[in-house]
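Enquirer: Numbering-wise, the sequence shown is residues -18 to 397 according to my numbering. A virtual CB, placed ideally from N, CA and C, is assigned to each residue, including glycine. What follows is a single structure, and I will ask about it in a moment.
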Amino acid sequence: MSDEKYIFSAGAKKNILITFVVGLVLAALGVVMMNMGGHDAHGAAADAGHHGFNWTQRLYANLWINNLFFTGLAAIGIFFIAIQYVAQAGWSVGLKRIPMAMASWLPIGAGLMIIVFLIANHDLFHWTHEYLYDKADERFDEILYNKKGYLNFGFYMARMVGFFAVWYILFRLIRKQMLAEDIDGGVDHWKKNVTLSAIFLVFFGYSSSVAAWDWVMSIDPHWFSTMFGWYVFASWWVSGLALIAFIAVLLKDKGYLKIVNANHLHDIGKFIWGFSIFWTYIWFSQFLLIYYANIPEETIYFVERWKSDQYSVYFFLNLILNFFLPFLLLLPREAKRHTRFLKVVPPIILFGHWIDFYLMVTPGTLKENGGFGLLEIGLIMVYASAFIYTVLHSLAKHPLVAKNHPMMEETLHHHI
């Protein structure tokens, strides 16, 4: 059991490659259809030239959505590991290599985010236009002018690069100790990881909120919410938990992770169920306070999403996929203990929270020119296949279960 090793088969690689290529083709067809003036499936793309709209803006918006979503999954991989060490948890020993593999996407996600921002910052972020800060220009914006000490290109890039650098450095240090523990045993590596994880959690608690302000909330630079950092984190966190559970049950179906049983699945299922409610609590709290106050500068965010014919269906779909279905499907005890439920609910949650990020980004960047069609479907397939390839490649490089973990006996006898 301790020498269990995942084999990344040629068949799996082929299927992932096919998905990647099909995604590219669908995305290309979506672009072609937009340029022909047509509407792709389920889409509402506006004709090129309407209000200065160009198909590249929709492409950039979708690249940004996928960067946010999949980079968040990678960061949550580190966060999950750090939580287990600081809490001195024993139940999760058999699962920890999955989030470790998820975190291997982090440098790729960092590179993609930096590149997309450098190329598309004017199309994604209104505050990046220099004329807004020129008092002699008729388009001068006094509100943004007063925010320029924070919202400026240099400081923004420094924060982005700095956050990614610290996250990745701490991940490499934690992973180094995890792998060294396989060889050396004892508790020294475990103790070092408790310290490193505590440092990561403190820094991540701060940086993830600032990243949410920078990467998402500043898309609508006149609007702000003091709960937004928590909101983005909650969406990332429950998505990461769903992915860990989904990969675990798929591995078990292939005969791997014998150490993981119904009791461990029950625990991860409880986390998914509980934090789906937590996400809903943050969503509702943010919505209700803004709705009740009825201040135009605040309500505009929800008017663009709830009252718009363009986005209202996704507004309600967001709640159905991320609260009602997970709450009802995982409510029974047995649902959290059997793989057949954990094969259905996590994909729903993952797609649901992609829709969540779609709603955070698209109305602010594309306004009435947004849509959901072949371009969106294709890019989801491209990013998902690349992400899964990275995760499975990382899983295959190291033992699937942490050998010599000081809490191995606890996880072997875990029962709830």
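1. On a Cα-Cα basis, can you pick out the residue from Pro344, Pro387, Gln38 that is closest to His170?
2. Quick check: what's the CA-CA separation for Gly351 versus Ala146?
3. Does the segment 297 to 311 come into contact with the segment 257 to 273, if we say contact requires no fewer than three beta-carbon pairs (one atom in each stretch) closer than 8 Å?
4. Taking the C-alpha atoms as reference points, what is the distance between Asn174 and Asp(-16)?
5. So the alpha helix (DSSP H) Gln38 belongs to, where does it begin and stop?
6. By a C-beta neighbour count over all protein chains shown, 10 Å radius and 16 as the cutoff for buried, is His31 buried or exposed?
7. Exposed or buried, which one is Leu246 when buried takes at least 16 other CB atoms within 10 Å?
8. Go ahead and label Val142 buried or exposed: buried means 16 or more other beta carbons lie within 10 angstroms of its beta carbon, across all protein chains shown.
9. Would you call the segment 80 to 88 and the segment 359 to 375 touching, i.e. three or more CB-CB distances under 8 Å?
10. Using only the alpha-carbon positions, how far apart do Ala22 and Met15 sit?
11. Shortest alpha-carbon distance to Phe227 belongs to which of Leu182, Asn48, Leu76?
12. Let me know if Asp398 comes out buried or exposed under the rule of 16 or more other beta-carbons within 10 Å of its beta-carbon.
13. Using only CA atoms, which one of Gly345, Ile59, Met389 lies nearest to Ala42?
14. Start and end of the alpha helix (DSSP H) containing Pro328?
15. For a quick check, are the C-beta atoms of Glu278 and Trp194 less than 8 Å apart?
16. Three or more beta-carbon pairs under 8 Å between the segment 356 to 369 and the segment 37 to 55, yes or no?
17. Buried or exposed for Met(-18), please, with buried defined as at least 16 other CB atoms from any protein chain shown within 10 angstroms of its CB.
18. Do Arg78 and Ala383 come within 8 Å of each other at the CB atom, strictly closer than that value?
19. Out of curiosity, what's the CA-to-CA distance linking Leu49 and Val12?
20. Quick check on Lys235: does DSSP put it in helix, strand or coil?
21. Under the assumption that Ser178 contacts Ala367 (Cβ atoms under 8 Å), give the Cβ distance between them as a whole number of angstroms.
22. Just the Cα atoms here: how many angstroms apart are Leu323 and Ser216?
23. For Lys129, name the three-state secondary structure that DSSP assigns.
24. Quick check on Pro313: buried or exposed, where buried means 16 or more other Cβ atoms within 10 Å of its Cβ?
25. Check whether the Cβ atoms of Val326 and Leu311 sit closer than 8 Å, and answer yes or no.
26. With a Cβ-Cβ cutoff of 8 Å, do Lys(-14) and Leu381 count as a contact?
27. Compare the Cα-Cα distances from Leu340 to each of Gly92, Tyr212, Val168, Ala229 and report the closest residue.
28. Whose CA, out of Gly250, Leu125, Gly135, lies closest to the CA of Ile200?
29. What are the start and end residues of the alpha helix (DSSP H) that includes Gln267?
30. CB Val219 to CB Phe256, shorter than 8 Å?
31. If you reduce the DSSP assignment to three classes, tell me which class Ala27 lands in.
32. When burial is assigned at 16 or more other CB atoms within 10 Å of the CB, is Lys378 buried or exposed?
33. If we count the other Cβ atoms within 10 Å of its Cβ and call it buried at 16 or more, is Thr176 buried or exposed?
34. With distance defined between alpha-carbon atoms, name the residue in Leu182, Phe353, Leu105 nearest to Thr37.
35. With 16 as the cutoff for other CB atoms within 10 Å, does His334 come out buried or exposed?
36. Taking only three categories from DSSP, how would you classify His20?
Expert: Reading it off the structure:
1. Selection Pro344, Pro387, Gln38 evaluated against His170 yields Pro387 as nearest (Cα-Cα).
2. The C-alpha of Gly351 lies about 33 Å from the C-alpha of Ala146.
3. Yes, they touch.
4. The straight-line gap from Cα to Cα measures roughly 22 Å.
5. Residues 36 to 67.
6. Its pLDDT being 39, under 50, His31 is placed unreliably by the model, and nothing is read from it.
7. Burial of Leu246 is indicated by the presence of at least 16 other C-beta atoms within 10 angstroms of its C-beta.
8. With a threshold of 16 other beta carbon atoms within 10 Å, Val142 falls short and is exposed.
9. Note that the segment 80 to 88 touches the segment 359 to 375; at least 3 beta-carbon pairs, one per stretch, sit closer than 8 Å.
10. Note on Ala22: pLDDT 40, under 50, position unreliable in the model; no value is reported.
11. Comparing Cα positions, the closest option is Leu76.
12. For the chain, the structure presents residues -18 to 397; residue 398 sits outside this window and is missing.
13. For Ala42, the nearest C-alpha among the options comes from Gly345.
14. Unbroken alpha helix (DSSP H) run through Pro328: 326 to 347.
15. For the pair Glu278 and Trp194, the CB atoms are not nearer than the 8 Å cut-off.
16. The segment 356 to 369 is in contact with the segment 37 to 55.
17. With a pLDDT of only 49 at Met(-18), under the threshold of 50, the placement of this residue in the model should not be trusted; the figure read from the coordinates follows. With fewer than 16 other Cβ atoms inside 10 Å of its own Cβ, Met(-18) counts as exposed.
18. Arg78 is positioned such that its CB atom lies closer than 8 Å to that of Ala383.
19. Whole-angstrom Cα-Cα distance: 22 Å.
20. Three-state result, Lys235: coil.
21. Contact between Ser178 and Ala367 does not hold, since their C-beta atoms are separated by about 28 Å, which reaches or exceeds 8 Å.
22. For Leu323 and Ser216, the distance between alpha carbons rounds to 18 Å.
23. Under the three-state reduction of DSSP, Lys129 is assigned to coil, being neither helix nor strand.
24. By the 10 Å Cβ count, Pro313 comes out exposed.
25. In this structure, Leu311 lies closer than 8 Å to Val326 by Cβ.
26. For Lys(-14) and Leu381, yes; Cβs fall inside 8 Å.
27. Ranking Gly92, Tyr212, Val168, Ala229 by CA distance to the CA of Leu340 puts Tyr212 first.
28. When the alpha-carbon of Ile200 is set against those of Gly250, Leu125, Gly135, the nearest one is in Leu125.
29. 243 to 274 is the span of the alpha helix (DSSP H), which, as asked, contains Gln267.
30. Yes, the pair counts as a contact, with Cβ atoms nearer than the cut-off.
31. Its pLDDT being 40, under 50, Ala27 is placed unreliably in this model, and the coordinates cannot settle the point.
32. It is exposed - the Cβ of Lys378 has fewer than 16 other Cβ atoms within 10 Å.
33. Looking at its Cβ environment, which holds fewer than 16 other Cβ atoms inside 10 Å, Thr176 is exposed.
34. When Leu182, Phe353, Leu105 are compared, the shortest CA-CA separation from Thr37 is found for Leu105.
35. By the C-beta density criterion, His334 is buried, having at least 16 other C-beta atoms within 10 angstroms.
36. With a pLDDT of only 47 at His20, under 50, the local geometry of the prediction cannot be trusted, and the value read off the model is given with reservation. It is coil, neither helix nor strand.
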